[in-house]
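The structure under discussion appears below in the form of C-alpha cells.
In the working numbering, the protein residues as written are 54 to 617.
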C-alpha cells in the first residue's frame with residue numbers, strides 16, 4: 054500500500070469508525086440472536102406452545118419495565134459522554150457515568166420491587182393469565198441488574214468502543230441459553246407433578262416458563278460481572294485521563310441528572326411504545342379471544358407460536374439495525390456539532406442503505422423459506438407458524454427502518470420527535486388492530502398485522518421529520534430499489550434450489566442449508582454487480598480493503614464508464 058493510500062485509509066477509518074464499531078456490535082447482536090434461536094428450539098419443545106405463551110407474555114411485561122428502568126440509558130449516557138469527550142471534558146464525562154449509575158440503581162431497585170410485589174395483580178387482572186405470575190416474579194430481579202449494566206455499556210459506547218458491550222452480550226446470551234434450558238426442564242417436571250395433585254394441567258408449562266426466565270436473570274448477571282471486570286482493568290487509564298483533564302467548568306451532579314432525564318425520558322417513551330404495543334396487543338388479543346369463545350389453553354397456544362417462533366426469528370435481522378443505530382448516535386451527534394450539512398446527509402444516507410442491504414434480503418428469505426425454516430428449527434409443519442412468518446416478513450424491513458430513523462433523530466438532537474411519532478403510530482396501530490380482531494376476526498394474524506401498521510406509520514413519520522429538520526431527501530433507488538432487485542433475484546433462485554434439493558434429497562436439513570448458502574452468494578454477487586454499495590461503502594466495512602480487492606478480482610463491481 055502506498056503512503057497516500059495509507060493516509061486515506063487512516064482518515065476514512067477515523068471518520069467512519071462508527072460503521073466498524075456498529076459492525077462489531079451488529080455481529081455480536083446477530084450471534085446472540087442466533088444463539089437465542091438455537092436454544093429456543095429445545096426450550097420450545099420442553100415448554101410447548103402453552104408454556105411459550107406464559108413465557109412470552111411475562112417477558113413482554115418485563116420488557117416494558119426494562120424500557121422504563123434501563124433501555125434508554127445506553128443511548129442517553131453515550132450521547133452525554135460523547136458530547137463531553139468531543140469538548141475534551143473527560144472529568145465531566147466520568148461524572149455523567151457516576152450520576153447515571155446512581156440513577157440506575159435507584160430506579161432499577163424500585164421497578165424490580167414493584168414488579169415482584171405486583172406480579173399477582175398484573176398477571177391476574179391485567180394480563181388475563183394468572184399462571185404467568187411465576188415467570189414474572191423470577192424475572193423481576195433482572196431489572197436492577199440490567200439497569201446497572203446499561204449504564205456501563207453506555208459509558209463505553211460514548212467513548213467510541215462497542216467491544217465491551219458486544220462481548221458482554223455474547224456472555225449474557227450463552228449463560229441465558231444454558232440456564233434457561235436446564236431451569237425449564239427441571240421446573241416443568243416439578244410443576245407437572247404439582248399440577249397432577251392440584252388438578253391444574255397448565256401448572257407444568259407455567260413452572261417451566263418460570264424456569265426458563267431464570268436464564269434471563271443469570272445471563273444478565275454474568276454480563277454485568279464481565280463489564281465490572283473491564284471497568285476494574287480500565288481504572289488506571291481512567292485515573293490518568295482525569296488527572297490530565299484541565300476542565301475549569303466541573304458540572305454538578307444535579308445538572309447532570311437533569312441532563313440525563315431530559316435525554317433519557319424521550320428515548321424511554323419512544324422505545325417503550327415499541328414494546329408497549331406488544332403487551333397491549335397481547336392483552337387485547339386474550340380478552341377478545343376469550344369473548345369469542347376460546348379457552349385459555351387455546352389462546353395461550355396461539356400466543357406461544359407468535360412469541361416463541363415467529364417473534365424469535367423476526368428479531369434476528371432486526372438486531373443489525375439496532376446495532377447500527379446504537380453506534381450512529383454518538384457519531385452523528387459529533388458530526389452535527391462540528392460537521393457540515395453534506396457530512397450529516399452522507400452519514401444518514403449510508404446508514405439507511407446499509408440497514409436495507411441486510412433487512413430486505415432477510416424479508417425475502419423469510420417469505421420464500423418460511424415453511425422449511427419452521428420445519429428445520431421447530432419440526433413444525435403446521436400452516437399457522439409458516440403463514441405468520443410469511444405475512445410478517447415485511448416487518449423486518451419496516452421495524453429496521455423505524456429503529457434506525459429513531460437513532461438518526463436522536464443523533465440530530467431531536468430527542469422528543471421519535472416519542473411523538475411513536476405515540477401517533479401507536480394510536481393508528483390500536484385502531485387497526487382492534488378492527489382486525491373484532492371486525493375481520495383475523496385471530497393470531499392480527500398480531501402480525503398490527504406490527505406492520507405500527508412500523509409503517511413510525512417509519513413514514515420519522516422520515517418526514519428527518520427531511521424537515523435536516524433537508525435530507527432519501528434516495529429510494531439506492532436505498533430500497535437496488536437491494537430489493539438483488540433480493541428478488543435471490544428469492545427466485547433460492548426457491549428453485551430448495552425445490553430441486555427437496556425433491557432429489559429431501560429431509561429437514563440439507564435442502565434448507567444449501568438454499569441459504571446459495572441465497573447469500575447470489576444476493577452478494579447481484580448486489581455488488583448492480584452497484585448497491587459504492588467502493589467507499591465497501592472500504593468502510595470491517596476488512597473492507599480485502600472485500601474490495603476480491604470484488605475487483607472477480608469483476609463483481611459494475612463497469613465504470615470512461616468519458617471520452
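We put the CB at the ideal spot given by N, CA and C, even for glycine.
Closest to residue i by C-alpha separation, out of the options, would be which residue?
i	options	result
residue 370	448, 602, 243	448
residue 231	242, 222, 271, 243	271
residue 566	445, 425, 607	425
residue 399	139, 76, 589, 84	589
residue 539	582, 236, 194	582
residue 186	312, 578, 109	109
residue 197	125, 158, 235	158
residue 104	260, 123, 604	260
residue 470	516, 481, 482, 432	516
residue 200	130, 252, 526, 258	130
residue 225	88, 440, 548	88
residue 36	194, 118, 494	For the chain, the structure presents residues 54 to 617; residue 36 sits outside this window and is missing.
residue 296	184, 142, 518, 316	142
residue 372	564, 344, 409	409
residue 551	267, 352, 423	423
residue 376	285, 564, 219	219
residue 305	83, 607, 150	150
residue 177	250, 340, 78, 208	340
residue 545	575, 530, 556, 564	575
residue 401	514, 446, 457	457
residue 497	206, 541, 358	358
In three-state terms, what does DSSP make of residue i?
i	result
residue 525	coil
residue 494	coil
residue 193	coil
residue 238	helix
residue 607	coil
residue 597	helix
residue 351	helix
residue 58	For residue 58, the predicted structure reports a pLDDT of 41, less than 50, and the residue's modelled location is therefore unreliable. The matter cannot be settled from this model.
residue 619	Residue 619 lies beyond the stretch modelled for the chain, which goes from 54 to 617, so this question has no answer here.
residue 102	helix
residue 345	coil
residue 467	coil
residue 140	coil
residue 583	coil
residue 432	coil
residue 460	helix
residue 422	coil
residue 119	helix
residue 380	helix
If we ignore side chains and look at the alpha-carbon of each, how far apart do residue i and residue j end up?
i	j	result
residue 334	residue 301	52 Å
residue 336	residue 146	42 Å
residue 106	residue 365	13 Å
residue 66	residue 593	Only weak support is given to the placement of residue 66: the predicted model assigns it a pLDDT of 43, under 50, and the value that follows is read from those uncertain coordinates. For residue 66 and residue 593, the distance between alpha carbons rounds to 7 Å.
residue 293	residue 74	25 Å
residue 533	residue 562	32 Å
residue 452	residue 374	9 Å
residue 437	residue 156	44 Å
residue 459	residue 360	24 Å
residue 329	residue 216	30 Å
residue 269	residue 162	17 Å
residue 478	residue 509	8 Å
residue 523	residue 394	8 Å
residue 81	residue 125	20 Å
residue 526	residue 405	12 Å
residue 275	residue 227	9 Å
residue 512	residue 462	12 Å
residue 506	residue 421	22 Å
residue 277	residue 204	10 Å
residue 519	residue 500	29 Å
residue 472	residue 136	22 Å
residue 639	residue 113	Given that the chain is displayed from residue 54 to residue 617, the structure contains no residue 639 and the question cannot be resolved.
residue 573	residue 429	18 Å
residue 280	residue 93	26 Å
residue 298	residue 312	21 Å
residue 193	residue 184	16 Å
residue 251	residue 84	42 Å
Between residue i and chain B, is there a C-beta pair that is closer than 7 Å?
i	result
residue 570	Looking for chain B here will not work: only one protein chain is present.
Original post:
Okay, do the region 91-103 and the region 168-175 touch, 3+ Cβ pairs below 8 Å being the bar?
Top reply: no
Original post:
Three or more beta-carbon pairs under 8 Å between the region 599-607 and the region 410-427, yes or no?
Top reply: no
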